[in-house]
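Here the structure comes first, spelled out in structure tokens, and everything after it is commentary.
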Amino acid sequence: MALTTTRALVLQSFPYSETSKVLRLYTWDHGVRSVMAKGALRPRSRYGGVLEPFTEGHATFYLKEGRDLHTLSGFDLVQSRQALGRSLVGFSGASLLAELVMRVGTEDPHPGLYQAVANAWDAIADAPTPAEALGASLTGAWSLVSLFGFEPQVDACVLCGGDVAPDEPVRFDAVAGGVACTRCRQAGRVLEAESRAELRGMIRGHVPEGGVGRPGTHRALLRAFLEAQLAHDKPFRSLELFLESAGDARAAPGGDEGPAVA
Ligand SMILES: [Zn+2]
Numbered sequence: 001m002a003l004t005t006t007r008a009l010v011l012q013s014f015p016y017s018e019t020s021k022v023l024r025l026y027t028w029d030h031g032v033r034s035v036m037a038k039g040a041l042r043p044r045s046r047y048g049g050v051l052e053p054f055t056e057g058h059a060t061f062y063l064k065e066g067r068d069l070h071t072l073s074g075f076d077l078v079q080s081r082q083a084l085g086r087s088l089v090g091f092s093g094a095s096l097l098a099e100l101v102m103r104v105g106t107e108d109p110h111p112g113l114y115q116a117v118a119n120a121w122d123a124i125a126d127a128p129t130p131a132e133a134l135g136a137s138l139t140g141a142w143s144l145v146s147l148f149g150f151e152p153q154v155d156a157c158v159l160c161g162g163d164v165a166p167d168e169p170v171r172f173d174a175v176a177g178g179v180a181c182t183r184c185r186q187a188g189r190v191l192e193a194e195s196r197a198e199l200r201g202m203i204r205g206h207v208p209e210g211g212v213g214r215p216g217t218h219r220a221l222l223r224a225f226l227e228a229q230l231a232h233d234k235p236f237r238s239l240e241l242f243l244e245s246a247g248d249a250r251a252a253p254g255g256d257e258g259p260a261v262a
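Under the numbering used here, the residues of the sequence shown are numbered 1 to 262, in order.
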């Protein structure tokens with residue numbers, strides 16, 4: 001048993017008893033870990049109510065390899081990100097990112113993943129409008145998906161391998177993992193060039209300025225892709241809330257042609 005201190009993001013927090021909490025953390029040094037925060041629910045807890053989702057701090061805990069639950073002994077706050085609780089789309093988007101990390105992340109350190117989650121939460125918290133919070137959330141989700149090794153293919157057909165020009169309309173094949181040319185895939189809605197360009201940017205971590213042009217298209221793309229590639233018949237709990245709340249986050253009225261997936 002070793003006492004360890006590491007930077008940590010609180011992914012999830014739930015009561016364990018009348019006085020204690022269990023936290024799911026994404027730590028810089030030890031990946032995804034669960035810790036018990038004894039006494040965290042007491043009125044004068046030494047944690048002072050900071051052990052909430054999206055908080056970042058230096059966590060000190062007793063690490064017992066081979067155990068599922070470790071004992072927290074201290075948490076020094078770095079950043080609380082309380083702004084994420086102010087809008088439903090921001091809160092649900094940040095929750096979806098946390099759920100992705102809990103589902104796909106491992107106990108091995110992955111500094112790039114840690115930084116991607118922290119950056120995405122910051123971008124969502126800083127978004128001035130719901131449309132931009134949606135764009136920042138989508139960007140975070142596609143960035144994480146790509147870091148997990150599931151980056152969707154957007155510049156060549158996933159079925160025949162042929163290049164598709166940036167202005168060429170394509171279709172999206174979530175099961176095959178990317179865009180398909182209209183010769184290979186002849187049915188289904190067309191994904192137009194603008195949305196594909198936005199998707200390409202978001203995969204690389206670029207938040208679309210002012211939000212995405214067609215929110216409905218992007219909601220459908222993310223849903224189809226997560227369900228086909230990562231859900232494994234166990235739906236993401238925060239996905240529906242995110243997609244419903246994002247329905248209010250249109251960048252502009254009209255102009256949204258709906259899902260671009262077959
Ligand atoms: Zn093709």
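Virtual Cβ for every residue (Gly too), placed ideally from N, Cα, C.
Practice prompt. Tell me where the alpha helix (DSSP H) around H218 begins and ends.
Written response: In the sequence shown, the residue the question calls residue 218 occupies position 218. Segment P215 to Q229, the alpha helix (DSSP H) holding H218.
Worksheet item: Which value, in whole angstroms, describes the spacing of the CA atoms of R7 and F75?
Response: To locate residue 7, count along the sequence shown from 1; it is residue 7. To locate residue 75, count along the sequence shown from 1; it is residue 75. Rounded to the nearest angstrom, the two C-alpha atoms are 9 Å apart.
Worksheet item: Do three or more CB pairs link the stretch 182-202 to the stretch 215-224 at distances below 8 Å?
Response: yes
Practice prompt. Tell me whether the beta-carbon of A118 lies closer than 9 Å to the beta-carbon of L9.
Written response: For the purposes of this step, residue 118 is taken as residue 118 along the sequence shown, with counting starting at 1. For the purposes of this step, residue 9 is taken as residue 9 along the sequence shown, with counting starting at 1. A contact, by the Cβ cut-off of 9 Å.
Worksheet item: Which of helix, strand or coil does DSSP assign to S73?
Response: Counting from one through the sequence shown, the residue named residue 73 turns up at place 73. Reduced to three states, the DSSP call for S73 is strand.
Discussion item. By the three-class DSSP mapping on this structure, what secondary structure does D126 have?
Written reply: Here residue 126 refers to the residue found at position 126 when the sequence shown is read from its first residue. Here D126 sits in helix by DSSP.
Worksheet item: Could you give the distance in angstroms between the alpha-carbon of T4 and the alpha-carbon of T60?
Response: As a first step, residue 4 is located in the sequence shown; it is residue number 4 there, counting from the start. As a first step, residue 60 is located in the sequence shown; it is residue number 60 there, counting from the start. Looking at the two C-alpha atoms, the distance is approximately 5 Å.
Item to complete: Just mark L69 as buried or exposed, buried being the case when its beta carbon has 16 or more other beta carbons within 10 Å.
Response: Along the sequence shown, read from residue 1 onward, the residue named residue 69 stands at position 69. Classification for L69: exposed.
Worksheet item: Counting along the chain, where does the beta strand (DSSP E) carrying S95 start and finish?
Response: Indexing the sequence shown from 1 puts residue 95 at position 95. Per DSSP, S95 belongs to no beta strand (DSSP E); it is in the alpha helix (DSSP H), L88 to V104.
Worksheet item: At a cut-off of 8 Å, is G112 close to ligand 1 when judged by its beta-carbon and the heavy atoms of the ligand?
Response: Taking the sequence shown and counting its residues from 1, one reaches residue 112 at position 112. For ligand 1, not one heavy atom lies less than 8 Å from the Cβ of G112.
Worksheet item: For the 8 Å Cβ check, are there 3 or more pairs between the stretch 33-49 and the stretch 84-92?
Response: no
Worksheet item: If V190 and A180 are in contact, beta carbons under 8 Å, what's the gap, nearest whole angstrom?
Response: Here residue 190 corresponds to residue number 190 of the sequence shown, with the count starting at 1. Here residue 180 corresponds to residue number 180 of the sequence shown, with the count starting at 1. About 11 Å separates the two Cβ atoms, so there is no contact after all.
Worksheet item: Can you pull every residue whose C-beta falls closer than 7 Å to some heavy atom of ligand 1, listed in chain order?
Response: C157, L159, C160, G162, A180, C181, R183 and C184
Discussion item. Using a 10 Å radius around the Cβ and a threshold of 16 neighbouring Cβ atoms, would you call V164 buried or exposed?
Written reply: Taking the first residue of the sequence shown as 1, we reach residue 164 at position 164. V164 should be labelled buried.
Worksheet entry | Touching by the beta-carbon criterion (3+ pairs, under 8 Å), the stretch 14-30 and the stretch 106-113 | yes
Practice prompt. Tell me the start and end of each unbroken alpha helix (DSSP H) in the stretch 121-181 that is at least 4 residues and wholly inside, in chain order.
Written response: 130-145
Worksheet item: Just reading off the alpha helix (DSSP H) that A197 is part of, what are its end residues?
Response: Against the sequence shown, residue 197 aligns to sequence position 197. Note, A197: alpha helix (DSSP H), A193 to I203.
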